[in-house]
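Protein chains in written order, with this note's numbering: chain A, 1 to 456; chain B, 1 to 583.
The beta-carbon is built from N, C-alpha and C at its ideal position, and this holds for glycine as well.
Bear in mind the structure is a predicted one, so any value in this text is a computation, not a measurement.
Shown next, in structure tokens, is the structure this report addresses.
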Amino acid sequence: MNKFTRRRFLELGCRTIVGSGLVGAGVAGGSVTNAAHAQATSGNYKALVCIHLNGGNDGFNMIVPAAGAAYNEYANGRGHLAVPASDLLQLNPATANTTAIGLNPHMAALKPSFENGSLGFQANVGTMLEPGSAEDVRNKSIRLPEQLFSHNDQTRQWQKLNHTHHSDAGWGARASDLIAKGQANRNLTSISLTGSNNWQAGSEFSAFNIDSEGVRSYSGMDNYSADWQLPRREAFIELLHAQYNNVFEKAYAELQTRALVLSTNVGAALAKRGELQTPVPADNPLAAQLAMVAKLISVKDEFSLYRQFFYVELGGFDTHDYQLEKQPALYRKIAEAMAFFNQALVEIGYQDDVVSFTTSDFGRTVTSNGDGTDHGWGNHHIVMGNPVNGGDIFGLMPRILVNGPDDSRNGRIVPTTSVSQYAATMLQWLGLSQNEVDQLLPSLANFNQKNLGFLS
Amino acid sequence: MITSMLMERMNRLRLNNRVRIQKITTGVQALAVCLLLAACSGGGDSDLYDENGIETGSVSSGNKVSNTGVPQLGAALPSPVDDDYAAARFLQRATFGPTLSDIAHLRQLGYTAWIAEQMQKPATFLLPVTREHNPPRWAEHVNSWLINSTTADDQLRQRVAFALSQFFVVSDQNGLGDQQAALANYYDILVANSFGNFRDLMEQVTLSPIMGDYLSMKGNQKPDTEKGIRPDENYARELLQLFSIGLVQLELDGTVVLDDNDVPVATYDQQVVEAFAHVFTGWHFKDVENWNYPKVKDWYAPMQAYQDKHDQGEKTLLNGAVLPAGQSAEKDLEDALDNIFNHPNVAPFFAQHMIRQLVTSNPSSAYIARVATAFNNDGSGIRGNIAAVVAATLLDDEALNGYRQNPQTFGKLREPLIRLTSLWRAFDARLINSKFTYGWLRNRFNQAPLQAPSVFNFFSPSFSQSGVIRDMNLVSPEFQIHDESSIIELTSAMLAHSIWQNTESVSDADLALIDITGLMLLDGQREALFELLGKLTLAKPPSAGLLTQANKLLDARKNASSETRTEEMLFLFISSPEAAVQR
């Protein structure tokens, strides 16, 4: 019998991270009295999936005023970047919006979900600290977010909702610390499929990173029946437990240890599980990540998880140029990946327990720079899942009119819904009390509507 | 063949940029004199920065700053080198990895003379090596970059160029994948200007068609009010935010300036971005025949101005400087780049980048101020002399002694690429260009040259790894590309490169083969072996913990071949947490 079993390996791996949440259900003690926890332990699993469209998605070409004066305003502003009216797929929102709405033809894959009520849109969301009109913005009579139109700052604000300190935790991280307090394996509460991100950063328990191909294995150290590898593996692991004074050495040893446990633990669960039946769209990195999310959700019982936060990302949305060439492919990828994920959730039986939502750096200018658009502000977003009151468009569709009532300047549309309201709606669904949500999102207090109603 | 192409390339650079070359030479010569005469040893006065000089220099007066005194290039003349470990530490910062011969040579010369010698070496360019494969293979520039970074004699220049490539970022990840040679040509702009002037470098970067394509300045045109078209803001915004001054006002020492409400003071607003967007109109490929759908695409020559596409309106730039209406595209561009170059933020912004790239993630503000001061004035009145910035960065007392002054926090996580080149350099890797292929590197290392995911580089300077680093309010940029997934890939690659790729019997000539015969000579002499491995892979003696494990593993392998024992030791050392850190 091999002296160095998987169990021994895990014992070694876990030695340095006891108390960091990877081992032992309920290790994190303390009195748990908050509403979130009380509800969470009642047994229902709930997960949020943040789909980040990196670079600033041009949401104003995603859903478009489909007819009449509203379409003409849009078409005039967009010039040759406008989607032709005849190409738009007509949507029939459950509650009448002021104008007819069309879906971009390259997002056709989302139409069935919209029609069957598991997908909706939240119109014109953006970083706002307090409500205000375009005129208020121009007059600077309201407090404005810092560094509007900068990629990294706006992404950070979207995903942190804590407008002052750059190093503070993301709203996903803060919510996870609150709601998953008594959860075992807390290091699997937040999982990123695309590396570090602001939304999950700064939790008491770092997010786990895995990629869409699954857990990697350590070459030369991953064969537990090979006696030959044993001394090498043992030396390598023992070395991770040495005392390190330098913070970079220490952090590296910790990360390597987490990776070891992940590759062994999660890898084993995923291997046992096998592949999904639902076909994964090819050449679509977002779909590949979402496929791994579905697999991870389906093995969550192995780790006794009842609340999870997933982060996936698709890049390429900074369409300053070649927008007409780039945008259709990007839209198709979003739509096909999300439609696939909806199906995959049905396959694994979690369609009622998972809500997916999009985030992006910012919207883009209504105006064109010749062959693309520049950094804007307000933006339309997608929410998906059975808990979504789908088939509807929530919030106010802005006038897509250059120098119109919603334009701060040169086609940068002022948001009519704040990201805080968008987040609050999801956090309430997740089980946080109104009081907890208020505390978690500092600028929510400045807005009357604390729940946008797209979830129930 | 290579030599003749290199000459051709150098002649071309010279022809294109006669004035620039002259400036570089002057800059390096001035610095070399400064280094050799020990003029730099003067410490003391840290208030050398003349704000008035900078402001009066804005817009029209070029890059000359009134001479305000002797630059501060380190507290004391930091030669000689204490021991081999000190040499190895320095070489971790200044090269792509220490070798035994470099350690010996550095000890012989001392730090300053070594830097002076390096700065005089002829530049090794990337384009000729990239072009050896015609047609280029997938990500050919990655292969040629690995070859140059590992084998080139002008190591300091190569290392600085790599640091610059993470400042003036372009990437093949957003549509430039087929332009391997032109990407190499872009990299050569950085190589050529590694010891040149920041102002010249900024201009050559701005006019590179690769950058023009990457940040869509190429083809940017004046407003067309009828069609509702306004200039593209992409290059204007990122030039300001990432390539020069940053978003918020900085003190000379990098401290963020706050307003009365403790909010950082922005360096510019949207109107300024729009003004610069108007400046950068009217540029396209050289001799382009069709503005919207060019067939003739010269990816090598600097972009050319087309006056009829240039906006000639008045433009209000940084600090209220006004470019009058009616200027040519070239004049607007020159004036606008001067306006940026003379902003007081450039020095601390660039200094922080270079220190974080070469030396340590969390420099003291005094260290930043010293390097920024060298940017503002290299000692001979020249602003923006990158050679002076490099010397100040590497020769600073904090760089040389931080490892013992602040052992807990000094240093940085080493970049994955540099861990690989270090292994190859230390053990004399054979890189056979005809077969050598590492186009896959990015997928396994989360890093490969000119392949950042976006203009924001591989990692953010403010990234802070959760846990002890975040708790102490420190940053650890390189940790952003290390996670539970990539660290396994990296460790596996280390194993493959140390254990499976060191003998002639390995048929994979497409991968690098290292030579461990030197280590094998020490089989049976454990202390000597550990000392040598310490120098080459850790830049310090191994820790007690590493020694314990190394001894145990050697005991376990006592019946194995000496080659196997050596391989195991090499892997254990290079995969250890202490080898992951530059100190």
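- Proximity of residue 327 of chain A to chain B, defined by a Cβ-Cβ separation below 9 Å, is not satisfied.
- Between the C-alpha atoms of residue 359 of chain A and residue 204 of chain B there is a straight-line separation of about 36 Å.
- In summary, the residues of the segment 187-215 of chain A whose CB is separated from some CB of chain B by less than 8 Å are 192, 195, 196, 201, 202, 203, 206, 208, 209, 210, 211, 215, in the order they occur in the chain.
- Going by beta carbons, residue 415 of chain A and residue 202 of chain A fall outside the 9 Å limit.
- For a Cβ distance threshold of 8 Å, nothing in chain B lies close to residue 271 of chain A: the least Cβ distance comes to about 15 Å.
- For residue 184 of chain A, the secondary structure class from DSSP, reduced to helix, strand or coil, is coil.
- Secondary-structure assignment with DSSP links residue 284 of chain B through a beta bridge to B/304.
- By the C-beta density criterion, residue 326 of chain A is buried, having at least 16 other C-beta atoms within 10 angstroms.
- If you compare the alpha carbons of B/258, B/186, B/247 with that of residue 299 of chain B, the shortest gap goes to B/186.
- Excluding sequence positions up to five before and after residue 344 of chain A, its CB lies within less than 6 Å of the CB of 276, 278, 294, all in the same chain and listed in chain order.
- A distance below 7 Å between beta-carbons, with the five flanking residues on each side excluded, links residue 496 of chain B to no residue of its chain.
- Around the beta-carbon of residue 120 of chain A, 16 or more other beta-carbon atoms lie within 10 Å, marking it buried.
- At a cut-off of 9 Å between beta-carbon atoms, residue 208 of chain B makes no contact with chain A.
- Rounded to the nearest whole angstrom, the CA to CA distance from residue 449 of chain A to residue 442 of chain A is 14 Å.
- If you check each beta-carbon in the segment 323-347 of chain A against every beta-carbon of chain B, the ones closer than 9 Å belong to 326.
- Taking CB atoms only, residue 211 of chain B has no neighbour in chain A less than 9 Å away.
- As far as DSSP is concerned, residue 432 of chain B takes part in no beta bridge.
- Close CB contacts of residue 289 of chain A within its chain, under the 7 Å cut and outside five residues either way in sequence, are with 193, 194, 212, 312 (chain order).
- Each residue's CA atom was taken as its position, placing residue 435 of chain A and residue 425 of chain A some 13 Å apart.
- Under DSSP, residue 388 of chain A forms a beta bridge with A/455.
- According to DSSP, residue pairing for residue 256 of chain B in a beta bridge involves B/250.
- Beta-bridge annotation (DSSP): residue 49 of chain A is paired with A/310, A/356.
- For residue 172 of chain A, the closest Cβ of chain B is not nearer than 9 Å.
- In this structure, DSSP gives residue 125 of chain A an extended state, which the three-state scheme calls strand.
- Taken in chain order, the members of the segment 406-434 of chain B whose beta-carbon sits within less than 7 Å of a beta-carbon on chain A are 407, 408, 409, 411, 412, 413.
- Annotation: the continuous beta strand (DSSP E) that includes residue 191 of chain A extends over 190-192.
- Under the Cβ distance rule, residue 460 of chain B counts among the residues neighbouring chain A, one pair being separated by less than 9 Å.
- For residue 548 of chain B, a Cβ of chain A is located within less than 9 Å of the residue's own Cβ.
- For residue 65 of chain A, the uninterrupted beta strand (DSSP E) segment begins and ends at 63-65.
- With a 10 Å radius around the Cβ and a threshold of 16 neighbouring Cβ atoms, residue 405 of chain B comes out exposed.
- Scanning its chain for C-beta atoms nearer than 7 Å, with the 5 sequence neighbours on each side dropped, one finds around residue 152 of chain B the residues 124, 158, in chain order.
- If you draw a 10 Å sphere on the C-beta of residue 524 of chain B, you find fewer than 16 other C-beta atoms in it, and that means exposed.
- DSSP lists no beta-bridge partner residue for residue 210 of chain A.
- Check the Cα spacing between residue 259 of chain B and each of B/267, B/252, B/202: the tightest is with B/267.
- Taking the beta carbon of residue 238 of chain A as reference, the chain B residues within 7 Å of it are 549, listed in sequence order.
- If you check each beta-carbon in the segment 246-273 of chain A against every beta-carbon of chain B, the ones closer than 7 Å belong to 246, 247, 248, 249, 250, 251, 252, 253, 254, 255, 256, 258, 259, 262, 263.
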